[in-house]
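Peer 1:
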Amino acid sequence: MFKPISVAIGLRYLRAKRRNGFISFISLASIAGIALGVTALITTLAVMSGFQREIRDRMLQMAAHATVSAYGEPLTEWRLAVDKAQADPRVAGAAPYIEKEALLSATRQQPAIIRGVDPAQERKVSVLADKMVEGKLDSLTPGSFNIVLGKELALWMGAQVGDSVVVMTADGRSTPMGAMPQLKRFTVSGIFEAGYNEFDKGLAVVNMHDIQRVLRMGEGVTGVRLRLHDMDQAWDVARDLSVSLGGPYRISDWSSDNANMFRALKMEKTVMAILLSLIIAMGAFNLVSSQVMLVTDKQADIAIQRTLGLTPMSVMRIFVVQGTLIGIIGTVLGVVGGIVLTLNLEHILKAIETLLGVQLLPEDVYYITGLPTDLQTSDVVIIAGVALAMAFLATLYPAWRAARTAPAEALRYE
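Heads up: the sequence shown is residues 1 to 414, going by our numbering.
Next up, the structure:
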C-alpha cells in the first residue's frame, strides 16, 4: 500500500495471468535468454581468465619479474646490484644471469637462448630446480661445461642426458681466415619441463662461469634478475635499483617483455565477451516483443487508468518497472547459474570424459590438461550491469508506446 501506483501496477502485471498465453511464453523466453547469456558469458570469461592466469604463472615461474642490465657491455658491479636489491623489502630474491642467442647442435640443430646461472642463487628467482624431469640443476658446477635443456628442445635435437651438444655463438674470434664463430661442446646433464613452450623449446641453461669463459666476459654478466613479493611493482623496483646504482641501465619487467602476448590475450577475451553479449541482446529483443504485445493487450486498462488521472509518465513507468523486473530475474538467474557452473566446471568436464570414454585435453597434446577458471568479481559485476542495462533499454520503446495511448480511441470498441 506504500508503493507508488506505477510500481504497484507494474508488479501486478508481472504476477497476473494474462489472457494471451503467448505473451507469457515470450516473457519466459526473454528471462531464459538473458539468464543463458549471462551464464555463458560468466563461465566463458572465467575460463579465459583462468587460462591467462595459468599461462602467466607458468611463464613467471621461469622468467624474472624484473631485470636490470647494462647497455651494450657486461655488468661488472652485479654483486653490488644483488646486495642492494636484496636490501629492498619489496624484493624476494635477486640473482645474476647471462643470456645469449646461440645455435645448438646434436643430432639436429636448433636455435635457442643460452642462459648462464648460478645454481645456488637461481632458486631465489625461479623454480627451475623443481621443474627438472631428468638430472639435477646442481650438476651445473663451474668448469663441468654441463648443460640443461628444455624437454621439447632436447626432443627436437635428439639429445638425451649424457649426450654432447655443440653450442655456437655469434661472438666470433679473429683468425687468419677471418672471423670464426665461437664453438664449445657441452654435456647434457639434465632436462626440465616448465609447461610453457617458449622455455621448453627455446631455453638451455648452463653454469654462469662456464659461459663467461666461452664468451670471454671476465667477471661480467648480462644483468640481475629480480623476484618480487608483488609483481605489479616490478617496474618501480627495477627503476629504483637502477637509480641507486648510478649511471644508465636498461630495465624491463614481465609485463613489458611479454606485452604482445598479454595484449593478444586481452583482445581475445574482449572479442569473446562482445560476441557472447549477443545472446543477452537476443533476450532483450524478446523482451521488447513481449512488452509490445503486453501494451497492446492492456490498451483498455491503460485507457481507464488515464481517465482516472494517471499521467503518461506514470503509465510509462508501469511498463518500465514490469520489463526491468523481467531483466532482473533473468540476470539473477544467470549470475547464480554462471557462478555454480564455473565452480563445478572441472567436475563436469571429468563426468563428460568418463561418460564418453575420451580425454578432451590429453596430456601428450596440451600443456594445460584441465579447465582452469578464475572467477573475477569485476567480470561478474560488469556482465550483470550490461544485462540490466539492455533489459532497461528494451522497455523504453514499449513503455513510450503505452504512454501515447489515447483513452478515447482505446475505449471506443470496449
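Cβ atoms here follow ideal geometry from the backbone N, Cα and C, with glycine treated the same way.
#1: With a floor of 3 residues, list each beta strand (DSSP E) that falls wholly inside the stretch 237-311, ordered by position along the chain.
#2: In angstroms, rounded to a whole number, what distance separates the CA positions of I348 and A40?
#3: List the endpoints of the continuous alpha helix (DSSP H) containing T67.
#4: Could you compute how far the alpha carbon of V288 sits from the alpha carbon of M272?
#5: Starting from M132, follow the beta strand (DSSP E) in both directions and report where the run begins and ends.
#6: Could you give the DSSP three-state label for A204: helix, strand or coil?
#7: Taking all protein chains shown into account, do 16 or more other C-beta atoms lie within 10 angstroms of the C-beta of M59, making it buried, or fewer, making it exposed?
#8: Expressed to the nearest angstrom, what Euclidean distance is found between the alpha-carbon atoms of T324 and F285?
#9: Given a threshold of 16 other Cβ atoms within 10 Å of its Cβ, counted over all protein chains shown, does R108 qualify as buried or as exposed?
#10: Going by Cα to Cα distance, which pick from A64, P74, S256 is closest to T222?
#11: Which runs of the alpha helix (DSSP H) spanning at least 4 residues fall entirely within the stretch 368-404, listed in chain order?
#12: Taking the DSSP output, what are the residues bridged to V117?
#13: Short of 8 Å in beta carbon distance, which residues of its chain neighbour V214, apart from the five on each side in sequence? Order them along the chain.
#14: Can you name the residues that DSSP bridges to I191?
#15: Who are the Cβ neighbours of W156 in its own chain at under 8 Å, not counting the five residues just before and after it?
#16: Hey, quick one: how far does the beta strand (DSSP E) through V224 stretch, first residue to last?
#17: Take the Cβ of D152 as the centre, count every other Cβ of all protein chains shown within 10 Å, and call the residue buried at 16 or more, exposed below.
#18: Beta carbon of G338, beta carbon of V38: below 7 Å?
#19: Tell me, which residues are paired with K184 by DSSP?
#20: Taking the Cβ atom as the reference point for each residue, do I191 and L149 lie within a distance shorter than 7 Å?
#21: Output the distance between the C-alpha atoms of I31 and D57, rounded to the nearest integer angstrom.
#22: Can you have a look at M1 and say buried or exposed, based on whether 16 or more other CB atoms are within 10 angstroms of its CB?
#23: Which residue from A66, L265, G116, L45 puts its Cα closest to that of R90?
#24: On the three-state DSSP scale, how would you describe L104?
#25: If you measure between the beta carbons of G93 and V125, is that distance less than 7 Å?
#26: What residue range is occupied by the uninterrupted alpha helix (DSSP H) comprising A87?
#27: If you draw a straight line from the C-alpha of Q376 to the C-alpha of P312, how long is it?
#28: State the DSSP-derived secondary structure class of A46, mapped to helix, strand or coil.
#29: Between the C-alpha atoms of S256 and S244, what's the straight-line distance to the nearest angstrom?
#30: Using a Cβ-Cβ cut-off of 7 Å (strictly less than) and excluding sequence neighbours within five positions of R123, which residues of its own chain qualify?
#31: Let's see if you can read the secondary structure: which residues bound the alpha helix (DSSP H) around L349?
#32: What is the DSSP secondary structure of S91, reduced to helix, strand or coil?
#33: Under three-state DSSP, which class holds Q160?
#34: Could you tell me if Y71 is buried or exposed, where buried requires 16 or more neighbouring beta carbons within 10 angstroms of its beta carbon?
Peer 2: Looking at the atomic coordinates:
#1: 249-253
#2: 15 Å
#3: Not the alpha helix (DSSP H): T67 falls in the beta strand (DSSP E), residues 66-70.
#4: 25 Å
#5: 132-135
#6: strand
#7: buried
#8: 13 Å
#9: exposed
#10: P74
#11: 377-403
#12: Y97, N207
#13: V167, T169, Q182, K184
#14: E134, L149
#15: R108, Q110, K201
#16: 223-228
#17: Note that residue 152 corresponds to Glu in the displayed sequence, not to Asp. That one is buried.
#18: yes
#19: V167
#20: yes
#21: 38 Å
#22: A caution first: M1 carries a pLDDT of 43, below 50, which makes its placement in the model too unreliable to give a value.
#23: A66
#24: strand
#25: yes
#26: 78-87
#27: 42 Å
#28: helix
#29: 22 Å
#30: A129
#31: 345-356
#32: The sequence as given places Val at residue 91; Ser does not occur at that position. In the structure shown, V91 sits in a strand (DSSP, three-state: E or B).
#33: coil
#34: exposed
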